[in-house]
Structures are given as structure tokens and as C-alpha cells.
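Trainee: One structure follows; several queries about it will come next.
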Amino acid sequence: ANYLDLGDYSQALDYFNQANAIFTKIGAKEGIAETLTNIGTVYQKQKQYPKSLQFYQQSLAISQQIGNRLDQGHTLTTIGIVYEKLGEYTKANDYHQQALEINQTIGVKSGISSTLYHMGIVYTNLGNYPQALAAYQQALALSRTLGTRLREGQILAGIGSLYDTQNQSELAITFFKQSVNVREGIRKDLKVLPIEQQQSFTNTVAQDYRRLADLLLQKDRVLEALRVLDLLKVQELEDYLSNLLGNYNTVDGITELTEEQEILKGIQPIIDQAIALDQELSELETIVTDKRTQTQQQRIIQLRKNQAQLRKDFQDSLKSPEVKASLAQLRETTEAENLDLKNYDRRLREQLQQLEQDAVMFYPLVLDDRLELVLVTPDAPPIHRTVKANRKNVERAIDNFRQTVGNGSNNYKIYVEQLYEWLIKPIEADLAKANAKTIIYAPDGKLRYIPLGALYDGEQWLIERLRVNQITALSLTSLDNKPTPQLDVFAAAVTKEHRIEIGDKQHEFPALAFTKPEVEGLAETFPNTKLFIDKQFHEDTIYQMNDYSIVHLATHAVFEKTKQDSFILFGDGSHVTVDEVEQWNFPNVDLVVLSACQTGLGGELGDGKEILGFGYLMQNAGADAAIASLWKVDDQGTQALMNKFYQVLKQGNVTKAEALRQAQIAFISSKVGSGFEHPYFWAPFILIGNGL
Numbered sequence: 028a029n030y031l032d033l034g035d036y037s038q039a040l041d042y043f044n045q046a047n048a049i050f051t052k053i054g055a056k057e058g059i060a061e062t063l064t065n066i067g068t069v070y071q072k073q074k075q076y077p078k079s080l081q082f083y084q085q086s087l088a089i090s091q092q093i094g095n096r097l098d099q100g101h102t103l104t105t106i107g108i109v110y111e112k113l114g115e116y117t118k119a120n121d122y123h124q125q126a127l128e129i130n131q132t133i134g135v136k137s138g139i140s141s142t143l144y145h146m147g148i149v150y151t152n153l154g155n156y157p158q159a160l161a162a163y164q165q166a167l168a169l170s171r172t173l174g175t176r177l178r179e180g181q182i183l184a185g186i187g188s189l190y191d192t193q194n195q196s197e198l199a200i201t202f203f204k205q206s207v208n209v210r211e212g213i214r215k216d217l218k219v220l221p222i223e224q225q226q227s228f229t230n231t232v233a234q235d236y237r238r239l240a241d242l243l244l245q246k247d248r249v250l251e252a253l254r255v256l257d258l259l260k261v262q263e264l265e266d267y268l269s270n271l272l273g274n275y276n277t278v279d280g281i282t283e284l285t286e287e288q289e290i291l292k293g294i295q296p297i298i299d300q301a302i303a304l305d306q307e308l309s310e311l312e313t314i315v316t317d318k319r320t321q322t323q324q325q326r327i328i329q330l331r332k333n334q335a336q337l338r339k340d341f342q343d344s345l346k347s348p349e350v351k352a353s354l355a356q357l358r359e360t361t362e363a364e365n366l367d368l369k370n371y372d373r374r375l376r377e378q379l380q381q382l383e384q385d386a387v388m389f390y391p392l393v394l395d396d397r398l399e400l401v402l403v404t405p406d407a408p409p410i411h412r413t414v415k416a417n418r419k420n421v422e423r424a425i426d427n428f429r430q431t432v433g434n435g436s437n438n439y440k441i442y443v444e445q446l447y448e449w450l451i452k453p454i455e456a457d458l459a460k461a462n463a464k465t466i467i468y469a470p471d472g473k474l475r476y477i478p479l480g481a482l483y484d485g486e487q488w489l490i491e492r493l494r495v496n497q498i499t500a501l502s503l504t505s506l507d508n509k510p511t512p513q514l515d516v517f518a519a520a521v522t523k524e525h526r527i528e529i530g531d532k533q534h535e536f537p538a539l540a541f542t543k544p545e546v547e548g549l550a551e552t553f554p555n556t557k558l559f560i561d562k563q564f565h566e567d568t569i570y571q572m573n574d575y576s577i578v579h580l581a582t583h584a585v586f587e588k589t590k591q592d593s594f595i596l597f598g599d600g601s602h603v604t605v606d607e608v609e610q611w612n613f614p615n616v617d618l619v620v621l622s623a624c625q626t627g628l629g630g631e632l633g634d635g636k637e638i639l640g641f642g643y644l645m646q647n648a649g650a651d652a653a654i655a656s657l658w659k660v661d662d663q664g665t666q667a668l669m670n671k672f673y674q675v676l677k678q679g680n681v682t683k684a685e686a687l688r689q690a691q692i693a694f695i696s697s698k699v700g701s702g703f704e705h706p707y708f709w710a711p712f713i714l715i716g717n718g719l
């Protein structure tokens with residue numbers, strides 16, 4: 028099932044079909060049932076729900092025929108989940124009820140916990156809120172008994188979602204926060220989890236972080252939202268790379284306010300009682316009915332009554348006068364009153380002040396019905412602006428931007444101006460007040476596919492006014508490392524055409540006539556440059572990179588929605604995958620430049636995690652910053668821009684972000700020859716990481 032966990036569905040399907048043929052041939056019915064379930068899961072993950080149901084139903088029929096109760100319980104839950112995804116909640120509930128009955132009969136606690144969690148989701152969607160809370164409470168107690176923190180995080184988010192549905196925002200925030208903190212605790216230990224659990228950890232987590240940020244911003248709790256937005260970036264990296272460990276910045280999660288802690292403290296004794304009760308009850312229930320003594324049977328009845336009472340107590344405790352008082356207090360409390368948040372605010376401002384770049388931090392969040400903009404300046408609390416622009420319209424403008432700018436068309440103005448109107452216009456006065464000259468930018472979702480500097484106010488490009496320094500996440504970036512004064516360059520160029528196969532995809536790369544002049548120009552600018560042309564640039568040359576302060580790779584690189592399809596091409600025709608890049612180590616490198624990379628191939632944009640992932644991989648390897656192109660540019664244009672960038676950088680006393688900005692302005696103002704003014708040539712180059 029490893030291909031399934033890695034998201035390589037065609038390979039997974041191939042292996043499962045082969046396994047099914049073998050099991051069918053030898054008549055191994057349990058093997059057939061398991062394989063049919065796996066095939067159903069492949070289709071489910073690809074959202075081909077009718078097809079997945081077909082295979083699950085076949086698997087269920089075989090499990091029923093051979094009397095395998097364990098597999099029946101599992102498959103019934105899985106069918107219920109598919110109906111959940113189809114929005115057929117009554118049907119989903121029928122299957123979950125059947126699964127629960129079987130799991131309780133055979134005493135499979137993990138199965139009971141999973142089914143109850145999904146029943147909580149179903150009851151919420153059916154509007155049966157008390158039943159939803161009861162299901163979640165039982166599932167929560169069980170997950171804590173079993174120590175399944177993955178499930179615990181999901182259940183807490185489920186309770187948050189339940190209260191959000193009922194417009195009880197403060198309670199929703201309390202449970203979503205606890206969910207985030209459980210998950211950040213898991214991330215710390217993620218390397219010890221088997222890969223299939225790592226995958227289940229990442230599947231729906233990001234949307235819970237988004238929902239919490241959304242709720243906090245609705246309440247104007249900006250500092251807390253900013254913290255969640257930063258953790259969201261880390262989570263999205265986790266989705267892409269699958270094994271990202273947290274660090275000392277992420278492990279504490281998000282601050283729980285005193286009132287939130289009081290609410291959680293109030294329900295803890297009930298959960299503790301439920302755990303103890305469940306342990307005793309499940310031990311007694313494993314005794315076959317006709318073998319139980321009268322005392323045991325009476326005790327089971329009493330424990331079940333107590334269980335029902337605890338469910339009621341749990342609901343009552345969340346409606347108690349004490350909780351109501353805490354919620355009222357939460358509505359009145361300002362973030363400035365919380366010491367942890369005050370310290371977080373102070374640290375953010377100090378970071379900006381120490382840069383001495385007149386810098387601000389900019390975090391947009393794209394939600395279904397609006398855009399939320401958060402701006403952190405050195406001298407004031409974070410600023411929060413809400414923009415009426417729904418996700419569909421924003422994403423359509425991004426797609427149109429990419430199509431028109433990326434193919435050199437002249438119809439791009441309407442889109443770059445519209446995006447400016449949504450993203451920059453609402454904070455224009457704030458930028459002016461802060462005297463901002465640098466934007467440290469953490470884009471969200473599809474916004475990663477467009478360069479912020481290429482937004483246009485009708486007269487000027489944003490890059491003409493401001494330096495733009497993109498980051499993966501603040502908690503993963505060292506913004507204040509100063510670059511090495513001595514500039515030694517590792518410069519590789521691939522000039523010949525290549526054809527390579529990645530998985531089941533063929534990639535044909537044309538010859539790059541201008542990459543050799545590009546790196547030769549670099550060698551003229553910096554005498555301490557070592558050139559690696561074509562076959563001289565191969566896998567073993569990676570181990571020389573750490574001897575240089577700049578690594579410049581004029582080669583094809585592809586960053587796709589899945590890391591399996593992302594790679595960098597060597598000059599000998601071999602390539603390095605993202606998994607292999609994760610092992611790179613060059614702590615002495617200040618800057619890595621990939622001057623010919625591509626994202627969003629075939630016009631199909633994902634959510635930009637691959638761009639986030641590339642930036643993080645370079646940082647993780649030790650580089651302070653990376654420059655990459657968001658689309659493949661004419662290589663003569665690339666050569667000209669790179670030459671200008673390095674000439675400016677050589678002058679000294681100029682930051683990497685400023686050198687890139689000046690090179691782009693030289694294109695805009697036709698100072699490097701005519702024909703390069705169009706944003707197609709200069710806009711795709713972005714700097715990720717430390718811009719100093």
C-alpha cells in the first residue's frame with residue numbers, strides 16, 4: 028500500500044489489480060476482500076466515489092460471506108465515509124450505525140472511536156447537534172484511552188466545527204485551538220509515525236487551521252490569527268513533503284487564553300470518568316453474553332446508564348453558568364491583556380526593526396467569501412483588513428494573470444490591476460504610514476503562483492515602489508542572517524536537449540542556448556566562479572556546493588502539485604527528486620538560484636504548495652534564500668536579467684531583494700535592451716527566504 032500512501036495512484040492500482048488476480052486464482056477470499064477495499068480507497072482518494080462504492084460493496088459482500096466481522100466493521104465505516112463525502116448523510120448514518128454495532132460486539136475500540144467520530148460529522152450535518160456532541164464526547168474519551176492523538180485532533184476540530192455551525196464562535200475557537208495544539212505536538216514526533224499515519228495526519232488538517240484563522244479574524248483577534256496563519260504554512264509544507272518536523276517556534280502551537288483553559292478544565296473530569304468507565308465496560312463486554320454472571324450483567328447495565336449520564340453531563344457542562352461567564356469574558360478580553368500574545372507581538376515588531384529595511388509582513392488569507400489581509404508593521408499592533416472578493420473570482424483572476432502574462436499576451440492589465448485592487452489598495456494607506464520599503468510576503472494558496480511585484484496600480488508596478496521578499500513561514504525563516512562578504516559562485520548550465528521519464532510522464536526539454544553565456548557572464552562578474560557545463564554537472568557535484576556562497580543552476584527544474592513529479596535536471600541527463608533534494612546540506616550557502624524552473628505545468632494550478640516546498644527545501648539544506656522562476660522564460664531574457672542581478676549584487680551594500688528589484692526595474696524601463704518590458708520576462712523571478 029506504499030504507493031497509495033505516497034499518492035501514486037496509478038502504480039497503486041496496478042499492484043492491487045495484480046494482487047487481486049493472484050488471490051482470485053488461489054481462492055484466498057480474505058485477500059480478495061482486502062484488495063477490493065484497497066482499490067476502493069484508490070478511487071475514493073481520487074474522488075471517484077461511485078466507483079469506490081462499487082469496490083467497497085464487493086469487499087463487504089465477501090467479508091459477510093466468510094464471516095469476517097472485523098473487516099465488515101471497517102468496510103461499513105468506509106462506505107459511510109463515502110456517503111458523507113457525497114452529502115448523503117442519512118445513508119452515511121445507516122452504515123455507521125451498522126459498523127458501530129459490529130465494532131462494539133467484537134470490542135474493536137479503534138473502530139468504535141473512528142465510527143463515532145464520523146457519526147459526529149453526520150449528526151452535525153443533519154442538524155442533530157446534541158447527538159453529534161454525544162458521539163464526539165465518546166470518541167474523544169476513547170481516543171485518549173487508546174492514545175491516538177491523530178484521532179483526538181480530528182475530534183476536537185469536529186467539536187469546533189459543531190459549535191461554529193451553531194454560531195457559537197468562542198466555543199468553536201476554544202476547541203479548534205486545542206485541536207491545533209494536539210496536532211503541533213504530533214508534528215514534533217512525526218518522524219516516528221508510519222507513513223500511512225503521516226498521510227492521515229495531513230489530509231484534512233490544513234482546512235481546520237484555515238477555519239480557525241477565519242473565526243479569529245471575524246472576532247478581530249489578529250495576533251492569534253497571525254500565529255495560526257503561520258502554522259498553516261508549516262502544515263501545508265507538511266502536506267507536500269510528508270515528513271516535516273516542527274521546531275521550537277511551532278511546538279507550542281497557539282496560546283490558549285485563560286478563559287479557554289477554564290472551559291477545557293471544566294470538561295476534563297467528565298472525560299477522565301468516561302475513560303475509566305469505558306475501560307471497565309469494554310472488558311466486561313468482551314465476555315460472551317451467555318457466559319456472563321448476573322453480577323457482571325447488572326454491572327454492564329449500570330455502566331451503560333452511567334455512560335449516558337456522562338454524555339448529558341458533558342453537554343450540560345458546556346452550557347453551565349461558569350462556561351457562559353468565560354465566554355462572555357472572552358468576548359470582552361483584548362489580546363493585549365494576554366502576556367504570551369504580548370510577547371509574540373513584541374518579537375514580531377523587533378524582528379522587523381532589527382532588519383533595518385523599513386519592512387512590513389503581509390499575510391493574505393483567501394476564504395470562500397472574502398479576502399482577509401493581515402499586515403504587521405514595526406511600530407503598531409497588526410492591522411487587519413477584510414476585502415469583499417470571493418475565492419472563485421480571486422482564483423479566476425490568478426488563472427487569467429498566468430495565461431496572459433505567462434504567454435506574453437498584452438491583455439494582462441485588467442487582471443494585474445484587479446489583483447492590485449484586492450491585495451494592495453486596502454493596505455496602501457497602512458504601507459505609507461509605516462513608510463514601508465520592503466514587504467515580507469507569505470502568500471496563501473493560489474496566490475503563490477503570481478509575483479506580488481507584478482501587481483499594477485494603473486501607473487506603476489508594485490516592484491517599482493517596494494522590495495518583495497517572499498517567505499515560507501515566519502517560524503521557519505531566519506530573516507536577520509547577514510550574507511557572506513566573499514562571493515564565490517558554483518555555476519552550472521545545461522545547454523543540450525533532454526528527454527526524461529518521471530513515473531508515467533514523459534518530459535521533453537529543449538536545448539537552452541543562452542544558459543552557457545548566462546553562467547559565463549556570471550564568471551566575468553565574479554572571478555571566484557567555478558563552471559559546470561552539461562556533463563560536468565551531475566549528482567556528485569552536489570557535494571561541492573557547500574564550498575560556495577552562491578549556487579546558480581541554469582537548468583530545467585519542474586515543481587508540480589505532487590512531489591513525486593517534481594525534480595531538477597542534471598547536465599548528464601539524470602535528475603534529482605524532491606525526496607533526494609531533502610538530503611542536500613550546504614550550510615555555507617547564502618543563495619540558491621534556479622533560473623529556468625516551471626510551476627503549474629499544463630495550465631493546471633494547484634494550491635502552490637510546490638513553491639512553498641521548494642523554498643523550504645533550500646532553507647532546510649542551509650541556504651538563506653532562493654530565487655526561482657514561476658514560469659519558464661525565454662532563456663535570452665533570463666540571461667539578461669541574471670547578468671543585471673549579479674552586477675547590482677557585486678556593487679556591495681545592496682541586499683539580494685534590492686538587487687533583484689533593480690534588475691526587474693531595468694527591464695521595465697528598457698535599460699537592458701528593448702523587448703523585455705513585458706512582465707513575462709521580468710515578473711516570474713521571486714526571492715524566497717532571507718532577502719538581506
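In this note's numbering, each residue carries its 1-based index in the sequence shown increased by 27. Yeah, the Cβ is synthetic: ideal placement off N, Cα and C, and Gly gets one too.
1) In or out: Ser499 buried (at least 16 other Cβ within 10 Å) or exposed?
2) Identify every run of the beta strand (DSSP E) within the segment 653–716, keeping only runs that are complete inside it and at least 3 residues long; order them along the chain.
3) Could you say if the segment 314–334 and the segment 536–552 meet the contact criterion of at least three C-beta pairs nearer than 8 angstroms?
4) Does the distance from the C-beta atom of Ala652 to that of Asn612 stay below 8 angstroms?
5) Give me, in chain order, the residues of the same chain whose beta-carbon lies closer than 7 angstroms to that of Leu482; leave out the 5 immediate sequence neighbours on both sides.
6) Whole-angstrom Cβ separation of Asp484 and Ile529, contact assumed at under 8 angstroms?
7) Beta-carbon separation of Ile595 and Leu580 under 8 angstroms?
8) Out of Glu310, Lys590, Glu524 and Lys636, which one is the CA nearest neighbour of Asp471?
9) For the beta strand (DSSP E) that contains Glu528, what are its first and last residues?
10) Could you round the C-beta distance between Glu609 and Leu644 to whole angstroms and report it? I think they count as a contact, below 8 angstroms.
11) Entirely within the segment 440–465 and at least 4 residues each: give me those alpha helix (DSSP H) ranges in chain order.
12) I'd like the span of the alpha helix (DSSP H) that includes Thr285, first residue to last.
13) Taking the alpha helix (DSSP H) that Tyr390 falls in, what are its first and last residues?
14) Inspect the beta-carbon positions of Arg254 and Glu362 and report whether they are closer than 8 angstroms.
15) Please go through the segment 355–439 and give each complete alpha helix (DSSP H) segment of 4 or more residues, from N-terminal end onward.
16) Once DSSP output is grouped into helix, strand and coil, what is the label at Ser502?
17) CB-CB under 6 angstroms to Tyr163, same chain, minus the five flanking residues each way: which ones, in chain order?
18) Could you tell me the alpha carbon to alpha carbon distance between Arg326 and Ala159, rounded to whole angstroms?
19) Got a sec? Which residues, its chain only, sit under 6 angstroms from Ala46 by beta carbon, not counting five neighbours each side?
20) What number of angstroms, rounded off, separates the C-alpha of Lys112 from the C-alpha of Glu359?
21) Please classify Arg171: is it buried, with 16 or more other beta-carbons within 10 angstroms of its beta-carbon, or exposed?
22) Using a Cβ distance threshold of 8 angstroms, determine whether the segment 34–48 contacts the segment 66–74, with at least three qualifying pairs required.
23) Just how far apart, CA to CA, sit Ser12 and Arg338?
24) Thinking C-beta only, is Leu268 closer than 8 angstroms to Gly640?
25) Can you have a look at Gly280 and say buried or exposed, based on whether 16 or more other CB atoms are within 10 angstroms of its CB?
26) Taking Val209 as the reference, give the member of Leu379, Val278 and Ala550 with the closest Cα.
27) Quickly, what does DSSP pair Ile595 with across the bridge? List them, please.
28) Excluding five sequence neighbours on each side, which residues of the same chain lie with their C-beta closer than 7 angstroms to the C-beta of Glu685?
29) Could you work out which residue in Pro554, Leu375 and Phe559 is closest to Asp515 when comparing CA atoms only?
30) Taking Cβ positions, are Gln691 and Gly548 nearer each other than 8 angstroms?
31) Report the rounded CA-to-CA distance for Met388 versus Glu491, giving the unit in angstroms.
32) Beta-carbon separation of Tyr83 and Thr105 under 8 angstroms?
33) For Gly633, collect the residues of the same chain with a Cβ closer than 6 angstroms to its Cβ; drop the 5 residues on either side in sequence, then sort them by chain order.
34) Can you find at least 3 beta carbon pairs, one from the segment 692–712 and one from the segment 656–663, that sit closer than 8 angstroms?
35) Which same chain residues, not among the five before or five after Ala461, have their C-beta less than 6 angstroms away from its C-beta?
36) Enumerate in chain order the residues of its own chain whose CB-to-CB distance from Leu393 is below 6 angstroms, with the five nearest sequence positions on each side excluded.
Mentor: By the coordinates alone:
1) For the purposes of this step, residue 499 is identified with residue 472 of the sequence shown, where counting begins at 1. Reading off the sequence, residue 499 comes out as Thr, not Ser. With 16 or more Cβ atoms within 10 Å of its Cβ, Thr499 is classed as buried.
2) 712–716
3) no
4) For the purposes of this step, residue 652 is identified with residue 625 of the sequence shown, where counting begins at 1. For the purposes of this step, residue 612 is identified with residue 585 of the sequence shown, where counting begins at 1. No, these two residues do not count as a Cβ contact at 8 angstroms.
5) For the purposes of this step, residue 482 is taken as the residue at position 455 of the sequence shown. Excluding residues within five positions, the ones whose Cβ falls inside 7 angstroms are Val443, Leu446, Tyr447, Leu450, Ile451 and Leu489.
6) The count along the sequence shown starts at 1 and reaches residue 484 at position 457. The count along the sequence shown starts at 1 and reaches residue 529 at position 502. Asp484 to Ile529, Cβ: 41 angstroms. No contact.
7) Working through the sequence shown from its first residue, we reach residue 595 at position 568. Working through the sequence shown from its first residue, we reach residue 580 at position 553. Contact: yes.
8) Looking up residue 471 in the sequence shown gives position 444. Nearest C-alpha to Asp471: Lys636.
9) Walking along the sequence shown from the start, residue 528 turns up at place 501. Element bounds for Glu528: His525 to Ile529.
10) Reading the sequence shown from its first residue, position 582 is the one you call residue 609. Reading the sequence shown from its first residue, position 617 is the one you call residue 644. Indeed they touch by this definition, with Cβ atoms about 6 angstroms apart.
11) 440–450 and 455–460
12) One-based indexing of the sequence shown puts residue 285 at position 258. From DSSP, the alpha helix (DSSP H) with Thr285 extends over Thr285 to Glu312.
13) Position 363 of the sequence shown, counted from the first residue, corresponds to residue 390. From DSSP, Tyr390 is part of no alpha helix (DSSP H) but of the beta strand (DSSP E) over Ala386 to Val393.
14) Start at 1 with the first residue of the sequence shown, and residue 254 comes out as number 227. Start at 1 with the first residue of the sequence shown, and residue 362 comes out as number 335. Going by C-beta atoms, Arg254 is not nearer than 8 angstroms to Glu362.
15) 366–382 and 418–433
16) In the sequence shown, residue 502 corresponds to position 475, counting from 1. Looking at Ser502 - three-state DSSP - the assignment turns out to be helix.
17) The count along the sequence shown starts at 1 and reaches residue 163 at position 136. Closer than 6 angstroms at the Cβ level, and outside the excluded window around Tyr163, lie Gly147, Ile182, Gly185 and Ile186.
18) Within the sequence shown, residue 326 is the residue found at index 299, counting from 1. Within the sequence shown, residue 159 is the residue found at index 132, counting from 1. So the two alpha carbons sit approximately 27 angstroms from each other.
19) In the sequence shown, residue 46 corresponds to position 19, counting from 1. Closer than 6 angstroms at Cβ, skipping near neighbours: Thr62.
20) Your numbering for residue 112 matches position 85 in the sequence shown. Your numbering for residue 359 matches position 332 in the sequence shown. Taking the straight line joining both Cα atoms gives about 38 angstroms.
21) For the purposes of this step, residue 171 is taken as residue 144 along the sequence shown, with counting starting at 1. By the neighbour-count rule (16 or more Cβ atoms within 10 Å), Arg171 is buried.
22) yes
23) The chain is shown only over 28 to 719; residue 12 falls outside these bounds and no answer can be derived.
24) For the purposes of this step, residue 640 is identified with residue 613 of the sequence shown, where counting begins at 1. For the purposes of this step, residue 268 is identified with residue 241 of the sequence shown, where counting begins at 1. Yes. Within cutoff.
25) What you label residue 280 is simply residue 253 of the sequence shown in a count that begins at 1. With 16 or more Cβ atoms within 10 Å of its Cβ, Gly280 is classed as buried.
26) In the sequence shown, counting from the first residue as 1, residue 209 sits at position 182. For the residues Leu379, Val278 and Ala550, the minimum Cα distance to Val209 belongs to Val278.
27) Against the sequence shown, residue 595 aligns to sequence position 568. In DSSP, Ile595 forms a bridge with Ala584 and Val603.
28) Indexing the sequence shown from 1 puts residue 685 at position 658. Correct list, in chain order: Arg494.
29) For the purposes of this step, residue 515 is taken as residue 488 along the sequence shown, with counting starting at 1. For the residues Pro554, Leu375 and Phe559, the minimum Cα distance to Asp515 belongs to Pro554.
30) Counting from one through the sequence shown, the residue named residue 691 turns up at place 664. Counting from one through the sequence shown, the residue named residue 548 turns up at place 521. For Gln691 and Gly548, no; Cβs fall outside 8 angstroms.
31) Indexing the sequence shown from 1 puts residue 388 at position 361. Indexing the sequence shown from 1 puts residue 491 at position 464. Those two C-alpha atoms are separated by around 18 angstroms.
32) The sequence position of residue 83 within the sequence shown is 56, counting from 1. The sequence position of residue 105 within the sequence shown is 78, counting from 1. Yes.
33) Position 606 of the sequence shown holds residue 633. For Gly633, where only same-chain residues beyond five positions count, the Cβ hits under 6 angstroms are Lys588.
34) yes
35) Here residue 461 corresponds to residue number 434 of the sequence shown, with the count starting at 1. Contacts found: Val387 and Thr404.
36) For the purposes of this step, residue 393 is taken as residue 366 along the sequence shown, with counting starting at 1. Residue 393 is actually Val in this sequence, not Leu. Closer than 6 angstroms at Cβ, skipping near neighbours: Arg418, Val421, Asp471 and Gly472.
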